[in-house]
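Residue 154 in numbering that gives the first Met the number 0 sits at position 155 of the sequence shown; the count goes up by one each step and never skips.
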Amino acid sequence: MKKVAIIGGLRIPFVRSFKEYNHISNQEMLTTVLSALVDKYQLSGKRLGEVALGALLNRSTDWNFARECVLGTSLDPHTPAYGVLRACGTSLDTTIQLGLRIGCGQIDTAISGGSDTNSDIPLLFQQQLAWKLADLRAAKTFSKRLKILASIRFKDLKPLYPSIVEPRTGLSMGQHTEKMVKEWGITRQEQDALAYRSHMNAAKAYEEGFFNDLIIPYKGVKRDTIVRADTTPEKLAALKPAFDFSGKGSLTAGNSTLYTDGAAALLMASEEFAQQQNWPVLAHLVDAETAAVDYVNGEGLLMAPTYAVARMLKRNHLKLQDFDIYEIHEAFSGQVLCTLKAWEDAAYCKKLGWDTPLGSIDRDKLNTKGGSVAIGHPFAATGARIVAQTAKMLQQRGSGRALISICTAGGMGVTAILES
Numbered sequence: 000m001k002k003v004a005i006i007g008g009l010r011i012p013f014v015r016s017f018k019e020y021n022h023i024s025n026q027e028m029l030t031t032v033l034s035a036l037v038d039k040y041q042l043s044g045k046r047l048g049e050v051a052l053g054a055l056l057n058r059s060t061d062w063n064f065a066r067e068c069v070l071g072t073s074l075d076p077h078t079p080a081y082g083v084l085r086a087c088g089t090s091l092d093t094t095i096q097l098g099l100r101i102g103c104g105q106i107d108t109a110i111s112g113g114s115d116t117n118s119d120i121p122l123l124f125q126q127q128l129a130w131k132l133a134d135l136r137a138a139k140t141f142s143k144r145l146k147i148l149a150s151i152r153f154k155d156l157k158p159l160y161p162s163i164v165e166p167r168t169g170l171s172m173g174q175h176t177e178k179m180v181k182e183w184g185i186t187r188q189e190q191d192a193l194a195y196r197s198h199m200n201a202a203k204a205y206e207e208g209f210f211n212d213l214i215i216p217y218k219g220v221k222r223d224t225i226v227r228a229d230t231t232p233e234k235l236a237a238l239k240p241a242f243d244f245s246g247k248g249s250l251t252a253g254n255s256t257l258y259t260d261g262a263a264a265l266l267m268a269s270e271e272f273a274q275q276q277n278w279p280v281l282a283h284l285v286d287a288e289t290a291a292v293d294y295v296n297g298e299g300l301l302m303a304p305t306y307a308v309a310r311m312l313k314r315n316h317l318k319l320q321d322f323d324i325y326e327i328h329e330a331f332s333g334q335v336l337c338t339l340k341a342w343e344d345a346a347y348c349k350k351l352g353w354d355t356p357l358g359s360i361d362r363d364k365l366n367t368k369g370g371s372v373a374i375g376h377p378f379a380a381t382g383a384r385i386v387a388q389t390a391k392m393l394q395q396r397g398s399g400r401a402l403i404s405i406c407t408a409g410g411m412g413v414t415a416i417l418e419s
C-alpha cells in the first residue's frame with residue numbers, strides 16, 4: 000500500500016443555522032470551499048483522480064450533488080465525483096474511501112468533503128398529496144383531473160419538515176443521549192465542564208491564529224460564530240434542559256451541538272505525487288474502522304465508536320494511550336463522556352473483544368483546539384473539519400499519532416488514525 004498524505008483542508012466559518020447563511024444551498028457553500036482549495040493548491044485546469052462529497056439535508060433534485068460542485072469550480076471537467084452519506088461521519092467516510100483508493104494505487108489525488116445547512120431545508124409534500132399530483136399528471140380527461148383536484152384536502156397541503164429522529168425509535172439524538180448519560184452516571188456538571196473546556200480551547204486557538212489558514216471568509220463571516228470566549232461555568236449551569244423536561248434532564252443547548260451551517264473539504268494525495276508537486280504533507284491516514292450498535296434493542300445510540308476504536312487498536316497493536324492527540328466529535332458533551340467511561344469499564348470492554356479495560360486517556364490531549372460543541376456541527380462537514388484540524392496539529396508537533404472518532408445517527412461510528 001502507498002502512503003496516503005493529507006495535504007490540507009479548508010472550510011467556511013461554521014455558523015448557527017437560520018442566520019448568516021440563510022437561504023444558501025449546500026451546493027453553493029461547498030463549491031465555494033472547493034474553489035478556494037483549487038486556488039490554494041493551484042489545481043485549476045487539473046484533473047484529479049476522484050472527488051467524494053456528501054450532505055445530509057439535500058434536495059431530491061441534487062442527486063448528482065458532488066459532480067455539480069466539481070463542475071462549479073475550475074477543475075478539469077474530466078474530474079469524476081460521487082456522493083457519500085453516513086450521517087455525521089460522512090466526510091470522514093469520504094476521506095477513508097478515497098484514502099483506500101490512493102493507498103492501493105488506483106488514483107494519485109483526491110478531494111473529500113461535505114456540507115450541511117438547516118437554513119435551506121428541503122421541504123416535502125405529504126405523501127398523499129404527492130400521489131394525487133402524480134395521478135393528476137397522468138390523468139387523460141378533464142373530468143378525471145377535476146375529480147383528483149377535488150380530492151385534495153387542506154391536511155394534504157401541510158409540509159413535512161425534515162426531523163432528526165431515529166425512525167425505529169421515534170426519539171431524537173438528544174433523547175437517546177439522555178438515556179446514555181443516565182445509564183453511565185454522567186452528571187450535568189461533568190457535561191458542562193467539558194463544554195466549557197471546548198469553548199475555551201477554541202477561543203484560545205483563535206487567539207493563537209491556529210484557524211487562519213483553515214478558514215476562508217464567506218458572506219461577510221470571518222470566524223465560527225458559535226464559539227463563546229465569554230461563557231462561564233455559571234452561564235452554562237443556568238441553562239435549562241433541552242430534551243428531557245421531567246426534572247432529570249441534563250443535556251442543554253450549552254453542552255450540546257447547535258444546528259449549524261457550513262462546508263469543509265480536504266486535499267489528499269499519494270506520498271509520491273505530493274513530492275512531485277512540492278506539497279508539504281501535514282499527516283498520513285494510517286487506518287480506519289466503522290461500527291454499528293443495536294440501539295433499537297437497548298445499546299446506546301452513539302456508542303458505536305467504542306467498538307470501532309477497539310477493533311482498530313487491536314489490528315494496529317496499539318493501546319488507547321498510544322496517541323498524542325484525541326479528536327472525539329462532540330455531538331453532545333455527554334456522549335463523549337459516556338464513550339470515555341465505557342473504555343474504562345472492564346465488563347463493557349469484554350463486549351469489545353478486550354480482556355482488560357482500554358483504560359483512560361489524558362484529557363489534556365482531547366479536542367485541544369475546540370470540539371463540535373464550541374465550533375459547531377454541520378453534519379456532513381464535521382469529518383473534513385476534524386481531519387484538517389488534526390493533520391495541522393500533527394504537522395505543528397513534527398511527529399505524533401492522532402485518534403479521530405465520530406458517532407453518527409443510526410447507531411454507527413467512524414474512526415481513523417492519523418500519523419505525522
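Heads up, the beta-carbon is just placed ideally off N, CA and C, and yes, glycines get one too.
Predicted model only: the values in this text are computed from it and were never measured.
#### Entry: Within 8 Å, strictly: CB atoms of Asp61 and Phe378
no
### Message
I'd like to know whether the C-beta atoms of Pro12 and Val335 end up nearer to each other than 8 Å.
### Response
no
### Message
Considering only the alpha carbon of each residue, which of Met179, Asn117, Ile360 lies closest to Ala401?
### Response
Ile360
### Query
Quick one: Cα of Leu257 to Cα of Val83, how far?
23 Å
### Task
Can you grab the Cα-Cα spacing for the pair Ser90 / Arg196, in whole Å?
25 Å
### Message
According to DSSP, simplified to helix, strand and coil, what is Phe331?
### Response
strand
### Query
Who are Asp286's beta bridge partners in DSSP?
Assignment of beta-bridge partners to Asp286 by DSSP yields Ile416.
### Residue from Leu339, Ser332, Leu132, Leu97 with nearest C-alpha to Leu235
Ser332
### Query
Out of Gly370, Leu266, Ile214, which has the shortest C-alpha to C-alpha gap to Arg362?
Ranking Gly370, Leu266, Ile214 by Cα distance to Arg362 puts Gly370 first.
### Query
In whole angstroms, what separates the C-alpha of Gly352 from that of Cys87?
Approximately 26 Å, taken between the alpha carbons.
### Query
Is it a yes or a no for the segment 272-288 touching the segment 308-315, going by three-plus beta-carbon pairs under 8 Å?
yes
### Message
Taking DSSP's pairing of strands, which residues face Ala268 in a bridge?
### Response
Ala4, Thr108
### Message
Which of the three DSSP states is assigned to Arg152 in this structure?
### Response
coil
### Message
So if DSSP puts Asp115 in a beta bridge, which residue, or which two residues, is it bridged to?
### Response
Gly261
### Query
Can you tell which of Leu123, Glu27, Met28, Ser16 has the C-alpha that lies nearest to the C-alpha of Ser59?
Leu123
### Task
Give, in chain order, every unbroken run of the beta strand (DSSP E) that is at least 3 residues long and sits entirely within the segment 18-60.
49-53
### Task
Please determine if the segment 178-190 and the segment 9-27 are in contact, where contact requires at least 3 C-beta pairs separated by less than 8 Å.
no
### Query
What's the gap between the Cα of Gln274 and the Cα of Gln96?
22 Å
### Message
At 4 residues or longer, what runs of the alpha helix (DSSP H) sit wholly inside the segment 319-389?
### Response
Correct list: 332-342, 345-350, 371-374.
### Query
Does the distance from the C-beta atom of Glu155 to that of Lys178 stay below 8 Å?
In the sequence as presented, Glu is not what sits at residue 155; that position holds Asp. For Asp155 and Lys178, no; Cβs fall outside 8 Å.
### Query
By DSSP, does Ile403 sit in helix, in strand, or in coil?
Annotated three-state conformation of Ile403 is strand, per DSSP.
### Task
Indicate the three-state DSSP secondary structure (helix, strand or coil) for Thr89 in the structure shown.
The three-state reading of DSSP puts Thr89 in helix, counting H, G and I together.
### Query
Can you name the start and end residues of the alpha helix (DSSP H) that Ala137 belongs to?
Per DSSP, the continuous alpha helix (DSSP H) segment holding Ala137 begins and ends at 126-137.
### Message
My output table needs one value for Tyr294: the three-state DSSP class, helix, strand or coil.
### Response
helix
### Query
Is the beta carbon of Ile327 sitting closer than 8 Å to the one on Ser404?
yes
### Query
When the Cα atoms are used, what is the spatial distance from Leu9 to Leu213?
5 Å
### Query
Which residues in the same chain have their Cβ closer than 7 Å to the Cβ of Pro356, if we skip the five residues on either side of it in sequence?
Trp342, Glu343, Asp344, Ala345, Cys348
### Query
Can you list, in chain order, the residues of its chain whose CB lies under 7 Å from that of Ala204, leaving out five sequence neighbours each side?
Correct list, in chain order: Phe210, Lys368, Gly369.
### Message
So the candidates are Gly299, Val413, Asn21, Ala35; which of them puts its Cα closest to the Cα of Thr168?
### Response
Gly299
### Query
Taking the beta strand (DSSP E) that Gly82 falls in, what are its first and last residues?
80-82
### Task
Could you tell me if Asp119 is buried or exposed, where buried requires 16 or more neighbouring beta carbons within 10 angstroms of its beta carbon?
Buried is the call here.
### Message
Quick check: the Cα distance between Ala51 and Phe272, rounded to an integer number of angstroms?
### Response
Rounded to whole angstroms, Ala51 and Phe272 show a C-alpha spacing of 19 Å.
### Query
For Leu123, which residues does DSSP report across the bridge?
Leu159
### Message
As a quick exercise: from Ala268, Asn63, Ala262, Trp183, pick the residue whose alpha carbon is nearest that of Gly104.
### Response
Ala268
#### Entry: Reduced DSSP category for Met411 - H, G, I as helix; E, B as strand; rest coil
Met411 carries a strand assignment under DSSP once its states are collapsed to helix, strand and coil.
### Query
Going by beta carbon distance, what residues of the same chain come within less than 8 Å of Asn315, once the five residues before and after it are set aside?
Val285, Asp286, Ile416
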